[in-house]
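Residue numbers (UniProt numbering): 1 to 337.
Here a beta-carbon is modelled for each residue, glycine too, at the ideal position from N, C-alpha and C.
For reference, the structure discussed in these notes is given below.
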């Protein structure tokens, strides 16, 4: 007696911890994919598909990689594009997981001048990014049944390296992010980092120069609502003062033991800031929604849904003595009702 198993092409996790699509082993081979791990209770394989410059894909779970990957580029390929064609007419979002992503740093104004990632064809504006962004992710909203989305990595100097997982998300999928969310975090706790934030490149005694905050960033980082949780608490990842875990404006090095300055409110924070809707600084029970400067309160809590923090940076850093800002690393934790 033979039993036929129907395998639904759902999102799965590969052995390399990237996102793929569940297919039968035969379908994965026929689609010229690569099996990496199992799914569907062992009846299917987690399938990925590799693409390079000037190519297109109409299959889910595609990996967009630089020439010479897994090595960095030895020559600058210039514009390297992947065209993403919707797999069906019910696709509402495309998620990009930057599994590995190293491009040239921005210029002194925080502008991605030499290398950059640019996404076009969606219904919402996606900020241009560059620098060090391993394990970051982005959501691109698309109109169901519309045209393709273009992912362009443009490089002008050697040394670029990227491996981007491309996942198409149907309109009814539980993986779909709410409107206004460039990033979407689904665990009850985690860490939200600004683009090009890399804590390995600076210390508390040296003004950061290796990685800097990106200019012209306006986006939302959202947290999935969960049953039994009514608010979210935010704190900077490190408890150390003046360690550049939060550096949105006025970056400099202060004497040891000095508490770095911070600001909150719409009057002080007008150029570069993090916005937490209807936030409350819990130590003092003070309402505050905008945060900038070189420090972040011990804890800020908000019950506004969808749970989110918003990132805003202006178009230039250097004229405002903000060229050494590195951005932020903020931990979040959902609070029970």
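Review point. Cα-Cα, which of 179, 149 and 158 is closest to residue 66?
Key: As a first step, residue 66 is located in the chain shown; it is residue number 66 there, counting from the start. Comparing Cα-Cα distances from residue 66 to each of 179, 149 and 158, the minimum goes to 158.
Check your understanding: For residue 46 versus residue 22, is the C-beta distance shorter than 9 Å?
Key -> Indexing the chain shown from 1 puts residue 46 at position 46. Indexing the chain shown from 1 puts residue 22 at position 22. For residue 46 and residue 22, yes; Cβs fall inside 9 Å.
**Study point:** residue 294 versus 306, 240 and 333, residue with shortest Cα-Cα distance
**Key:** Within the chain shown, residue 294 is the residue found at index 294, counting from 1. Nearest option by C-alpha distance: 240.
Point to revise | Uninterrupted beta strand (DSSP E) stretches inside the UniProt domain "CUB" (53 to 169) (no shorter than 3 residues) | key: 55 to 57, 62 to 65, 78 to 84, 91 to 102, 116 to 120, 136 to 141 and 149 to 155
Practice item. Return helix, strand or coil for residue 334, following the three-state DSSP convention. Key: Within the chain shown, residue 334 is the residue found at index 334, counting from 1. Strand at residue 334.
Check your understanding: Can the beta-carbon of residue 306 be found less than 9 Å from the beta-carbon of residue 178?
Key -> Translated into positions along the chain shown, residue 306 becomes position 306. Translated into positions along the chain shown, residue 178 becomes position 178. Contact: yes.
Review point. Could you give the C-beta distance for residue 165 and residue 63, rounded to a whole number, given that I count them as a contact under 8 Å?
Key: Your numbering for residue 165 matches position 165 in the chain shown. Your numbering for residue 63 matches position 63 in the chain shown. Right, the Cβ-Cβ distance comes to about 6 Å (below 8 Å), so this counts as a contact.
Check your understanding: What residue from 93, 277, 7 and 16 has the CA that sits closest to residue 119's CA?
Key -> For this step, residue 119 is matched to residue 119 along the chain shown. The candidate whose alpha carbon is nearest that of residue 119 is 93.
Check your understanding: Under three-state DSSP, which class holds residue 41?
Key -> Your numbering for residue 41 matches position 41 in the chain shown. Residue state, collapsed to three classes: helix.
Review point. Distance, Cα to Cα, residue 215 vs residue 84?
Key: One-based indexing of the chain shown puts residue 215 at position 215. One-based indexing of the chain shown puts residue 84 at position 84. Approximately 27 Å, taken between the alpha carbons.
Check your understanding: For residue 168 versus residue 222, is the C-beta spacing smaller than 9 Å?
Key -> Position 168 of the chain shown holds residue 168. Position 222 of the chain shown holds residue 222. Contact flag unset, no.
Review point. How long is the line joining the alpha carbons of residue 301 and residue 291, rounded to whole angstroms?
Key: The sequence position of residue 301 within the chain shown is 301, counting from 1. The sequence position of residue 291 within the chain shown is 291, counting from 1. One C-alpha to the other measures close to 13 Å.
**Study point:** For residue 28, the three-state DSSP class (helix, strand or coil)
**Key:** Numbered from 1 along the chain shown, position 28 holds the residue referred to as residue 28. DSSP places residue 28 in helix when its eight states are reduced to three.
Review point. What does residue 181 pair with, by DSSP beta-bridge criteria?
Key: The count along the chain shown starts at 1 and reaches residue 181 at position 181. None, per the DSSP bridge assignment.
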